[in-house]
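Please read the structure below before turning to the comments.
Numbering (mature numbering (1 follows the signal peptide of the UniProt record, and there is no 0)), first residue to last: -25 to -1, 1 to 751.
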C-alpha cells in the first residue's frame, strides 16, 4: 500500500529524463565560422590537412574527444573560409560560440531556389544581327571568363554546353569534374567543371543519402536553366512547343562554365540548399578559379551578415576578386522582403521583356480578353464550353476557398467535366491548378490574378488549354459569371507577340526593399529579365515538374528572380572580359549607374499594379548592358571599405581581424552612410541634416562632369562641388551629398520618397537613385 506511488514516480522520472535529453542532447547541424584562412591562396594539401586537424582538436575539446569530433564533423572549410560544420546539441553550440577564435555559430538552414528574346530586348541584338554597339562585341562575348553557378547542377548533353569551336581550357582553371553515381556529368572545354555538395543536406535529413544523389547531374532543370542563361552557347532555332522561336544564348556566350550542385530534392524532412553546402561550394569555387558566381538562391527573413552562410562565403569570394550575383527573392510585392542584401553582393530583381506568349479568352457575351499561356493548343474545336467558377465546383468537405484556388483534390469531376474552370492565383503552383482541372475532366482553365499580382502574367506549359489573365480582367469574368444564367467561354491557341508595350514592368513576385538588415544600403541593386525566360533544361524532368506530366523538352520557359540573376551574371562576365583588372564593386557600379528607369513608351517603369515603380522594386533601374560597357565613372570599394562598413555596424576589431586575416583597427570617424555605394539611402532623416561622402573614379577619357539632382518630395539635396574635372583615367574625386528636410512641404507626410543624382559629361550619365525616409 505504501509503495503504490513508485510506478508513477518512475514514469515521471523517465519522462523528465527524456524531455531533458531531447532539449539539451538532440543533435542538429550547425556551422562554426572562424573567419578567413591565414595561409596563401594555393594552400598545399598538408596545410589544408593541418587546418582540418585543428578543427577536430577544437571540436573535440567541446564534444569529449577527437574521435567523437570525427563522427560529428560534416565539413572542414580549409581553403579560404576558416570554420567547420558539425552535428551539435544546443549546449555544445552555445559553448563553442563563446570561444574567442569563433566569430559566429548558426544552424545549417536551408535556402530556396528563386524560381532568347531577352537579349534582343536588352539591345545586344537587333533584327537577328549583332550591331557594333552591342555589349557582346565590346565584351568579346565573355571569351574565356569562367562563370560558376550554385544550383541544382547541370545537364551536360545540352547544346548550350557543347564545346565545338573552343580552344584549350584556360590555364587559370584549377577545378575538377567530380565523378558521380552512374550517369554523372562529363565535362568538356565549355562545361569545364562540376562538383556536388550534399553533406549539409544529409545532416539535415539525419540519414545516409541514396547513392543516386552523389552526382552533379541536374534532375530538376533549374540549374541547367540558370547556367545556360549566364554563359550558354548560341543555339539557333530553339523553342518550346514551337513557341518563343529564336536563338538561345547566355549573357557571356563564349564563357567557360562550371556547375556546383548544392540544391537537393524536397522531402518531408528536409530539402533545398543548405548553408553548410553553400559555404563548402564557394570555398572550392574560389580555389577552382571562377571569375563570376551566380546564385539564384536565398532565405526569407533577415539574417545578420556573420550568421548568414551565403553572405559570409560571398565576402570571401569578393575578397578574391570574384563577382557574386544573387537573386533578390520571390516574395514581392511586399516591402522589406528583399534577400541577399550584403553590400558586397550584387542583388537582382525581376522584370518583364517585350515578348508575350499570348492567347485569348472569349466569353459568351462576345467580350475578348488577352492572357498568357504556353498550352499546346486552345480548347477542342475552338468551340464555346460551359464556364464555371472553381468556387462552385468544390468536392464534398472541401471549402469554396480551397476550391477557388484549385488545390489538388478540391474539384468535383461531376461539376467540372466538359467545362472551362475559372481558378484564382495564389498559394499553390499555377501548373498545379491546371493539373487539378485536368484531373477533374475540365476542357480548359482560366487563371485569374489576385489583386496583389495585378498585371503580372506568366506563360506556363499547362497540361490542358489555359490562359492566365490579369486582375482587372479576372474581375470582368467573375462579374460575367455572377450575372449570366448559362455562361460560356472559349480559349484560343497561343501566339508569340513581340514589341509588347509597356515593357519592362516589374514582376509582382520580385522581392522589394528596403533592406531590413542595413537600410543605408539600397536593395535590390538592379533589375533584369525574369519572366518567361527560355533557356536550356534537363531532360530528366517535365517542364511543369508534375509527376503526371511525361513531356520532356531540351529548352523551357521559367520565371523568377532566379532567371534575372544569371542575366546580370552574364553581363558581369562581359565586363570582366573587357576590364579584367576592375574590382567586383567597379563592375557592379558600371551596371547600376547606367541602368534605365524608363520603359519602351519612354515613361517611368511601372509596378505590376500599373503604378510607378520605385527603387525598392528596381534598385538603380533596368539593366542596360551596352551603356554599362562605358560607364564613365565608377564607385569603387576595396576590402578595407567593406571592413569599415562592418565596423560602423558595430562589429569589433577582433571579429573583423578574424574575418579578414589582416592587421586592422576600426577607424574612429567612419560613418556607415559614407560607405562608397552607387546608390543613396537615408533610412530616417526626421529633423536632421545628413551629409554623405562619395568618391568616383574616372574610367573614361578626361572630361568635366556636372551634377543635376531630381529632388525627392520635401527634401533638399545639395551636392558639393557641383563640377568634377578629370584630367586622367583612374583619377578619383570626392564629393559631398547634403540632404535636408524641407519643412515647408513636410507636413504630416511619412515614409520613403525618391529622387536621383546624375553626373554627366555630355556623353556619359552616371545615375544614383536616392531614397529618403521622412519619418521612421
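No residue lacks a Cβ here, since even glycine has one placed at the ideal position from N, Cα and C. Source: prediction; values computed, not measured.
Contact annotation: the segment 392 to 402 does not touch the segment 480 to 487, with fewer than three C-beta pairs closer than 8 Å.
Between residue 399 and the set 367, 418, 389, 416, the nearest pair of CA atoms involves 367. The Cβ atoms of residue 5 and residue 44 lie no closer than 9 Å to each other.
Taking each of 88, 279, 197 in turn and checking the Cα distance to residue 625, the smallest one comes out for 279. When beta bridges are read from the DSSP output, residue 495 appears opposite no residue.
Beta bridge pairing from DSSP links residue 59 with 7, 51.
Under the three-pair Cβ rule at 8 Å, the segment 229 to 243 counts as touching the segment 110 to 130. CA-to-CA, the gap between residue 514 and residue 419 works out to about 27 Å. In the three-state reduction of the DSSP assignment, residue 448 falls in the helix class, which pools H, G and I. With respect to residue 463, residue 355 sits apart: the two C-beta atoms are not nearer than 9 Å.
Of all C-beta pairs linking the segment 537 to 545 to the segment 152 to 169, fewer than three are shorter than 8 Å, placing the two stretches out of contact. Residue 344 carries a strand assignment under DSSP once its states are collapsed to helix, strand and coil. Under the DSSP definition of a beta bridge, residue 656 partners with 746. Taking every protein chain shown into account, the CB of residue 250 has 16 or more other CB atoms within 10 angstroms, so this residue is buried.
Here DSSP, grouped into helix, strand and coil, assigns residue 386 to strand. Considering only 293, 734, 53, 170, the residue with the shortest C-alpha distance to residue 25 is 53. In the DSSP assignment, no residue is bridged to residue 461. Under the 10 Å beta carbon count, residue 107 is surrounded by fewer than 16 other beta carbons and is classified as exposed. According to DSSP, residue pairing for residue 286 in a beta bridge does not occur. The residues 465, in chain order, have a CB closer than 7 Å to that of residue 358 in the same chain once the five nearest residues on each side in sequence are set aside. Within 10 angstroms of the beta-carbon of residue 493 lie 16 or more other beta-carbons, which makes it buried.
Taking 9 Å as the cut-off, the beta carbon of residue 443 is found closer than this to the beta carbon of residue 346. Within the same chain, 689, 690, 691 come within 8 Å of residue 717 by CB-CB distance, once the 5 residues on both sides are set aside. In the three-state scheme derived from DSSP, where H, G and I count as helix and E and B as strand, residue 439 is classed as coil. The three-state reading of DSSP puts residue 82 in strand, counting E and B together. Secondary structure note for residue 663: it is in no alpha helix (DSSP H), with a DSSP letter that is neither H nor E. With 16 or more other Cβ atoms from the protein chains shown falling within 10 Å of its own Cβ, residue 195 counts as buried.
With a cutoff of 9 Å on beta-carbon distance, residue 472 and residue 350 are scored as not near each other.
The continuous alpha helix (DSSP H) containing residue 409 extends over residues 405 to 414.
Annotation for residue 186: no beta strand (DSSP E) segment contains it, and DSSP assigns it neither H nor E. The beta carbon of residue 134 lies closer than 6 Å to those of 210 in the same chain, with the five residues before and after it left out. DSSP, read as helix, strand or coil, puts residue 676 in coil. Here residue 683 has 733 as same chain residues with Cβ atoms under 6 Å from its own Cβ, once five neighbours each way along the sequence are excluded.
It is roughly 45 Å from the alpha-carbon of residue 535 to the alpha-carbon of residue 41.
The bridge partners DSSP lists for residue 419 are 395. The Cβ atoms of residue 215 and residue 436 sit closer than 9 Å to each other.
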